[in-house]
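Beneath this line is the structure, given in C-alpha cells, with notes to follow.
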Amino acid sequence: MDSKNTLLLLILSLSCLILHTNAAAATATGARPHVSLLRKRTPQIALLNLCKGTTKPSLCVKTILPNMDFSVHFRHHKALEIAIIAAQNQTMKTSDLIASLILNPSTPKNVVDDLKVCKEQFKNMLDAVKESLTEVAESKNAVEASYKFSGFMASRATCEDGFSSTGKVSPIDGDVKLSYDLGSVVLDIMAAIKERSLKRVARRFGSLIPPVAPSMTVKSGDPCYNVIGTCSH
C-alpha cells in the first residue's frame with residue numbers, strides 16, 4: 000500500500016474514531032449528536048491536514064501523532080518540534096551505527112573509508128538539527144530554522160557518493176534513508192508554516208506589493224515597433 004492510500008486509511012479511521020467519541024459524549028450528556036461532528040476541526044484533523052502536504056505523509060503522521068498532546072489546541076510549531084526531535088534521534092542512531100561499524104574488525108577497509116566520510120557528515124547533520132531545534136523551541140521561528148536545517152539535507156549526497164561511485168553495498172542504507180525521509184518531513188512542515196504565516200499577514204494587512212503601473216511598452220502592431228532611430232508613421 001503506497002503512502003497516499005495509507006494516509007487515506009488513517010484519515011478515515013481517525014475520522015470514525017472522532018465521530019464515535021464525540022457521539023458517545025453527546026449521548027452521555029443527553030445531547031443529540033449532529034452530522035457536523037464529522038466536520039469539527041479537531042487537533043487530529045489539523046495534523047492530518049498538515050501532513051498530507053508533505054512528501055512523506057504517512058511517516059509524518061506516524062512520527063507526530065503518538066507524541067502530540069491533543070488535550071490542547073493544535074500548534075504547528077509543536078508538531079515541527081516533534082518532527083525535528085524524531086529526525087535528531089534517528090540521526091543519532093545512525094551515527095552510532097556508523098561508529099560501531101568503523102570499529103568492527105569485520106568491516107572491509109574500503110567500506111570503513113566511506114563510513115568515515117559519513118561519520119563526518121552525520122556530525123554536521125547533528126549540529127544543524129540541534130541549531131534548528133533551538134530556533135523552533137525558543138523563538139518559534141520556522142524561517143530561520145529552515146536555513147539552519149538546510150545543512151542537514153545537504154550532507155546526504157556526500158555520504159552516499161562513496162558507496163554509489165564504486166558499487167559497494169552500504170551497510171547503513173536503510174538508516175540513512177530514514178534519517179533523510181524524516182528530514183524531508185521537517186522541511187515540508189517548515190515550508191507549510193512559512194506559507195501559513197504569509198497568508199495570515201496577507202489577510203490582515205492586504206497585499207504588501209504596490210499596484211503595477213499601466214505598461215507603456217510599445218506593442219508589436221505599432222509601425223515603429225523594433226525600429227532603431229527616427230520613425231514616422
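Note that numbering that gives the first Met the number 0 gives residue 63 to position 64 of the sequence shown, counting from 1, and the numbers run on in steps of one. Heads up, the beta-carbon is just placed ideally off N, CA and C, and yes, glycines get one too.
- Distance, SER164 Cα to PHE73 Cα: 45 Å
- Query: Taking Cβ to Cβ, would you say CYS117 is nearer than 8 Å to ILE188?
  - Reply: no
- Through-space distance from LEU58 to LEU181, alpha-carbon basis: 8 Å
- When you compare only the Cα positions, how much space is there between GLU119 and SER145? 21 Å
- Query: Given a threshold of 16 other Cβ atoms within 10 Å of its Cβ, counted over all protein chains shown, does LEU197 qualify as buried or as exposed?
  - Reply: exposed
- Can you say whether SER138 is buried or exposed, counting buried as having 16 or more other CB atoms within 10 angstroms of its CB? exposed
- Message: Taking the alpha carbon of LYS92 as the reference point, which residue from THR53, PHE162 and SER178 has its own alpha carbon closest?
- Response: SER178
- Query: Hey, LYS147 and GLU130 are a contact pair by Cβ (cut 8 Å); roughly how many whole angstroms apart?
  - Reply: 4 Å
- Query: Cβ of ASP112 within 8 Å of Cβ of PHE162?
  - Reply: no
- Query: What number of angstroms, rounded off, separates the C-alpha of LYS176 from the C-alpha of SER169?
  - Reply: 11 Å
- From LYS193 to SER94, what distance separates their C-alpha atoms? 30 Å
- Task: Express the C-alpha separation of ALA191 and CYS50 in angstroms, rounding to a whole number.
- Result: 10 Å
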